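Working notes for the structure below.
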Amino acid sequence: MFRHAALPAVLALAACVQPEPGASFDGSYRLLTIDGKPIPGTATMTIAGKSVRGSAPCNEYWTTNGADWPAVKLAPIASTRRQCYVEGGEAEFLGALAATTRAEPVAGGLELVGPAHRMRFRTGE
18 MFRHAALPAV LALAACVQPE PGASFDGSYR LLTIDGKPIP GTATMTIAGK
68 SVRGSAPCNE YWTTNGADWP AVKLAPIAST RRQCYVEGGE AEFLGALAAT
118 TRAEPVAGGL ELVGPAHRMR FRTGE
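Residues 18 to 142 (the numbering used here) make up the sequence shown, in order.
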């Protein structure tokens, strides 16, 4: 009986475990939502060490993380300058990404969190 009573406490503690500084977040991700809502276009992100790059709804972008993961301190985000005929969430995506301060692994993906936004990504492009 003791084992069953302790299980909820163990599971609650496991859910709170944060990755060690410098943990790897390498992989490819596809944006699901910003603040719980999908954006009109499609956005992706690939993390390789300190490099962060991908596709916003219209343009390609790239930057580097100047902090040790899971902390995030992105350098100014550079992007291509294609003419976007429909805005499609580009400004919202890049603005939220630029304000990110920490990465949190979640089941099936990753969340990037900042003071005003929470971006949810699923693993895989």
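Note that beta-carbon positions come from the ideal geometry of N, C-alpha and C, so glycine has one too. Note that the structure is a prediction, hence the values are computed from the model and not measured.
### Query
Just reading off the beta strand (DSSP E) that Ala120 is part of, what are its end residues?
Your numbering for residue 120 matches position 103 in the sequence shown. Start and end: Arg119 to Val123.
### Task
Label Ala60 either buried or exposed according to how many other C-beta atoms from any shown protein chain fall within 10 Å of its C-beta, with 16 as the threshold for buried.
Along the sequence shown, read from residue 1 onward, the residue named residue 60 stands at position 43. Ala60 should be labelled buried.
### Query
If Phe42 and Ala124 are in contact, beta carbons under 8 Å, what's the gap, nearest whole angstrom?
Here residue 42 refers to the residue found at position 25 of the sequence shown. Here residue 124 refers to the residue found at position 107 of the sequence shown. That belief does not hold up - the Cβ atoms of Phe42 and Ala124 are roughly 15 Å apart, past 8 Å.
### Task
Taking all protein chains shown into account, decide if Ala29 is buried (16 or more other Cβ within 10 angstroms of its Cβ) or exposed.
The residue given as residue 29 occupies position 12 in the sequence shown. For Ala29, the predicted structure reports a pLDDT of 42, less than 50, and the residue's modelled location is therefore unreliable. A value from the coordinates is still provided. Of the residues assessed, Ala29 falls on the exposed side of the cut-off, its CB having fewer than 16 other CB atoms within 10 angstroms.
### Task
Measure the Cβ-Cβ separation of Glu109 and Cys75 and say whether it is below 8 Å.
Taking the first residue of the sequence shown as 1, we reach residue 109 at position 92. Taking the first residue of the sequence shown as 1, we reach residue 75 at position 58. It is not a contact, given that the beta carbons lie outside the stated cut-off.
### Query
Using DSSP with H/G/I as helix, E/B as strand and the rest coil, what is Ala92?
Against the sequence shown, residue 92 aligns to sequence position 75. Correct three-state label for Ala92: coil.
### Task
Below 6 Å CB to CB, which residues in the same chain sit around Ser72 once its five sequence neighbours on both sides are set aside?
Stepping through the sequence shown from its first residue, residue 72 is reached at position 55. Once the five neighbours on either side are set aside, the close Cβ partners of Ser72 are Thr61.
#### Entry: Rounded C-alpha distance that separates Ala65 from Arg47
Numbered from 1 along the sequence shown, position 48 holds the residue referred to as residue 65. Numbered from 1 along the sequence shown, position 30 holds the residue referred to as residue 47. Roughly 15 Å separates the two Cα atoms.
### Task
Using three-state DSSP, classify Ala26 as helix, strand or coil.
Here residue 26 refers to the residue found at position 9 of the sequence shown. The predicted model places Ala26 with a pLDDT of 44, which falls under 50 and marks its position as unreliable; any figure quoted below should be read in that light. Here Ala26 sits in helix by DSSP.
### Task
Assuming Thr80 contacts Val69 (C-beta within less than 8 Å), just tell me the rounded distance between them.
Within the sequence shown, the letter at position 63 stands for residue 80. Within the sequence shown, the letter at position 52 stands for residue 69. About 5 Å separates the two Cβ atoms, so the contact holds.
### Query
Which residue's Cα is closest to the Cα of Trp86: Gln100, Arg99, Arg98 and Lys67?
As a working note, residue 86 is residue 69 in the sequence shown. Ranking the options by Cα distance to Trp86, first place goes to Lys67.
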